[in-house]
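Working notes, structure below.
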Amino acid sequence: MIIANLPQYSKKGFLSDNKIRQDVQKMIDAMNIKTPSARTNIGNLSGGNQQKVILGRWLLTQPEVLLLDEPTRGIDVGAKYEIYQLMNKLASEGKGIIVVSSEMPELLGICDRILVMSNGRQSDIFRANDTTQVEIMEASAKYL
Amino acid sequence: MNALKSKLAGSNTSIKQLLAEKAIYIVLVALLVLVIIIEPKFLSFGNFKNIFAQSATRIIIALAAGMVLIIQGVDLSTGRMIGLAAVISASLLQSASYAYRMYPNLQELPIIVPILLVMVICAVLGLITGVAVSIFKVPPFIATLAMSLILYGLSSIYFDRPPYGAQPIGGITKNFTNLATGSIGIGDLKIPYLIIYALIICVAIWILWNKTRFGKYMFAVGGNPEAAKVSGVNVIRTQICVYALAGMMYALAAALEVARIGSASNTTGNGYELDAVAACVVGGVSLSGGVGSVGGIVIGVLIFTVINYGLAFIGVNMYFQYIIKGLIILLAVIIDMRKYVKKK
Chain G
49 MIIANLPQYS
59 KKGFLSDNKI
69 RQDVQKMIDA
79 MNIKTPSART
89 NIGNLSGGNQ
99 QKVILGRWLL
109 TQPEVLLLDE
119 PTRGIDVGAK
129 YEIYQLMNKL
139 ASEGKGIIVV
149 SSEMPELLGI
159 CDRILVMSNG
169 RQSDIFRAND
179 TTQVEIMEAS
189 AKYL
Chain H
30 MNALKSKLAG
40 SNTSIKQLLA
50 EKAIYIVLVA
60 LLVLVIIIEP
70 KFLSFGNFKN
80 IFAQSATRII
90 IALAAGMVLI
100 IQGVDLSTGR
110 MIGLAAVISA
120 SLLQSASYAY
130 RMYPNLQELP
140 IIVPILLVMV
150 ICAVLGLITG
160 VAVSIFKVPP
170 FIATLAMSLI
180 LYGLSSIYFD
190 RPPYGAQPIG
200 GITKNFTNLA
210 TGSIGIGDLK
220 IPYLIIYALI
230 ICVAIWILWN
240 KTRFGKYMFA
250 VGGNPEAAKV
260 SGVNVIRTQI
270 CVYALAGMMY
280 ALAAALEVAR
290 IGSASNTTGN
300 GYELDAVAAC
310 VVGGVSLSGG
320 VGSVGGIVIG
330 VLIFTVINYG
340 LAFIGVNMYF
350 QYIIKGLIIL
360 LAVIIDMRKY
370 VKKK
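Residue numbers (our numbering), protein chains in the order written: chain G, 49 to 192; chain H, 30 to 373.
Set out below in structure tokens:
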């Protein structure tokens, strides 16, 4: 989980195992990741937990802007909900989140604004509160 | 055998799993016991000291080759790189009074100079290999195979020339050979220098692999280069550094071999890559990358040294050693593969 954040853990060139362990455990607890131990291979976890670990990996780098590409694809409903909650929390902390998704109900639910692409071009930008699935579909077909 | 296999696959009994995983060590112990039964004199402190000393250079080589294996590579140029480093360093370390000196008018250099020189040369050569693999996407097998041919040509040209032709480079200065054959005395105990060098390298490599960013990047790249790349690891830089560092380690081991053997030729080190990879595989380095440990590799090297030494000790036909080595490698890889088959 710490692979993207290593510079944070190395003072004088050597990794601080303590700091690493602390951060990983904090993230596991914060994101409710179900794993037998912090040393388990990521490949041995369920899909939803795997995704949470990857999210955790990038959150450890404390980004100002988070780019998520299909973050809840193929994940169980429980983990989906937890990821939505997490995104809301990050947004309320002032972080910027850009989500790429093909699930319209998901977008309408979690986004403030939705940018629709059509055939490689920007087609329209909607406020999620004022738009409908039909409008979004129309926009995505604009330049086909 | 089938009953055992299905039992192992189905049950979670840790004892059975442990047994299967440690089978290779059980084989080693069994061989050791066999040797000792046949020839009790094998069990002597002096003997084991010899085994450790002989393993020393092989350990350094195996650690370097292991590093390449860990990043999903393979290094077929190990042996020839050692050959090149050996002839260059030997040619610069001949004692002034030797009759067949390669550079008759060269003064005796401080021994650190040739050692550093070959380390730099082989680091650059390793860098070239690394660039071929990482930037030009040449499969490591091919890149190192090609490199090994080039290196053999280079070392042969350097080695086989007038006025002495293909005569082994000998007459190494005592200062240098002492590096390998000398030992330090602590009380009654005499510890060969070679063991100390190997120990230092082992500790340094262990720190590198486990306590530095580079080590983490290395294992990440080896486990899954794509995942590593999208996680922000500079895969190319990691790969190049590994090959360059391995080159440096080969050169160091070559210099120690020259000191130990007392001479060098263009065939020095020939075939060492197979022994190194074998030791790594037996020592738990996965051929699919991303897995390996210093301790495992050291044990792998020791296993083969013990076999070589022990079998020779009890008078077994030298060629039998090849058969046994081959069988052990097969056994080790079968066990390694089972770890992946079981998951499915």
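C-beta: ideal position from N, C-alpha, C; glycine also.
Quiz item: Are the segment 145-152 of chain G and the segment 90-98 of chain G touching, with three or more C-beta to C-beta distances below 8 Å?
Solution: no
Quiz prompt | Reduced DSSP category for Phe165(H) - H, G, I as helix; E, B as strand; rest coil | solution = coil
Quiz prompt | Backbone secondary structure at Ala86(G) - three-state DSSP | solution = coil
Quiz item: Is any beta-carbon of chain H found at less than 8 Å from that of Ala86(G)?
Solution: For Ala86(G), the answer is no, since every Cβ of chain H falls outside 8 Å of its Cβ.
Quiz item: Going by C-alpha distance, which of Ala209(H), Ala256(H), Ile88(H) is nearest Ile102(G)?
Solution: Ala256(H)
Quiz item: At a Cβ threshold of 8 Å, is Phe174(G) touching chain H?
Solution: no
Quiz item: Excluding sequence positions up to five away, which residues of its chain have a Cβ less than 8 Å from the Cβ of Ile358(H)?
Solution: Ala307, Val310, Val311
Quiz item: Taking the C-alpha atoms as reference points, what is the distance between Asn204(H) and Ile140(H)?
Solution: 8 Å
Exercise. Taking the CB atoms as reference points, tell me whether Ala283(H) and Ala115(H) lie closer together than 8 Å.
Key: yes
Self-check item: Simplified DSSP assignment, three categories, for Gln136(H)
Solution: Three-state DSSP puts Gln136(H) in coil, outside helix and strand.
Quiz item: What is the rounded straight-line gap between the Cα of Gly142(G) and the Cα of Leu116(G)?
Solution: Going from the Cα of Gly142(G) to the Cα of Leu116(G) covers about 16 Å.
Practice problem: Can you give me the start and stop residues for the beta strand (DSSP E) that Val147(G) sits inside? | Solution: 144-148
Quiz item: What residues of chain G sit near Thr267(H), judged by a beta carbon separation below 7 Å?
Solution: Per Cβ cutoff of 7 Å: no residues; Thr267(H) is ~12 Å from chain G at best.
Quiz prompt | Contact under 8 Å by Cβ, Met79(G) with Met49(G) | solution = no
Quiz item: Cβ atoms of Val323(H) and Lys234(H): under 8 Å apart, would you say?
Solution: Here residue 234(H) is Ile; the residue named in the question, Lys, does not match the sequence. For Ile234(H) and Val323(H), yes; Cβs fall inside 8 Å.
Quiz item: What's the gap between the Cα of Gly61(G) and the Cα of Ile353(H)?
Solution: About 43 Å.
Quiz item: Which residues bound the alpha helix (DSSP H) around Phe71(H)?
Solution: It is not in any alpha helix (DSSP H) - Phe71(H) carries neither H nor E in the DSSP assignment.
Exercise. List the endpoints of the continuous beta strand (DSSP E) containing Gly214(H).
Key: 212-215
Quiz item: Would the beta-carbon of Tyr246(H) fall within 8 Å of that of Val259(H)?
Solution: no
Self-check item: Cutoff 8 Å: Leu114(G) Cβ touching any chain H Cβ
Solution: no
Self-check item: Same chain only: Cβ atoms within 6 Å of Arg289(H), ignoring 5 sequence neighbours per side
Solution: Ala209
Practice problem: Kindly give me the distance between the Cβ atoms of Ser124(H) and Val264(H), rounded to whole angstroms, as I take these residues to be in contact under 8 Å. | Solution: The pair is not a contact, with the Cβ atoms about 47 Å apart (cut-off 8 Å).
Quiz item: Shorter than 8 Å from the beta carbon of Gly95(G) to some beta carbon of chain H?
Solution: no
Quiz item: For Arg190(H), does the three-state DSSP call read helix, strand or coil?
Solution: strand
Quiz item: Is the CB of Ser58(G) under 8 Å away from at least one CB in chain H?
Solution: yes
Quiz prompt | Inter-residue spacing [alpha-carbon to alpha-carbon] between Ile67(H) and Ser106(H) | solution = 38 Å
Quiz item: Under 8 Å, do Ile269(H) and Val160(H) count as touching if we go by C-beta distance?
Solution: If you check the CB distance, Ile269(H) and Val160(H) come in under 8 Å.
Practice problem: Mind the definition here: the segment 51-58 of chain H touches the segment 191-202 of chain H only if three or more C-beta pairs lie below 8 Å; say whether that holds. | Solution: no
Quiz item: Across which residues does DSSP place Lys59(G) in a beta bridge pair?
Solution: Phe62(G)
Practice problem: Kindly indicate if chain G contains any beta-carbon less than 8 Å away from that of Lys373(H). | Solution: Note that Lys373(H) has pLDDT 46, beneath the 50 cutoff, so the model's placement of it is unreliable and the number below is only indicative. Lys373(H) does not count as touching chain G.
Quiz item: What are the residues that DSSP puts in a beta bridge with Ile357(H)?
Solution: Beta-bridge pairing links Ile357(H) to no other residue.
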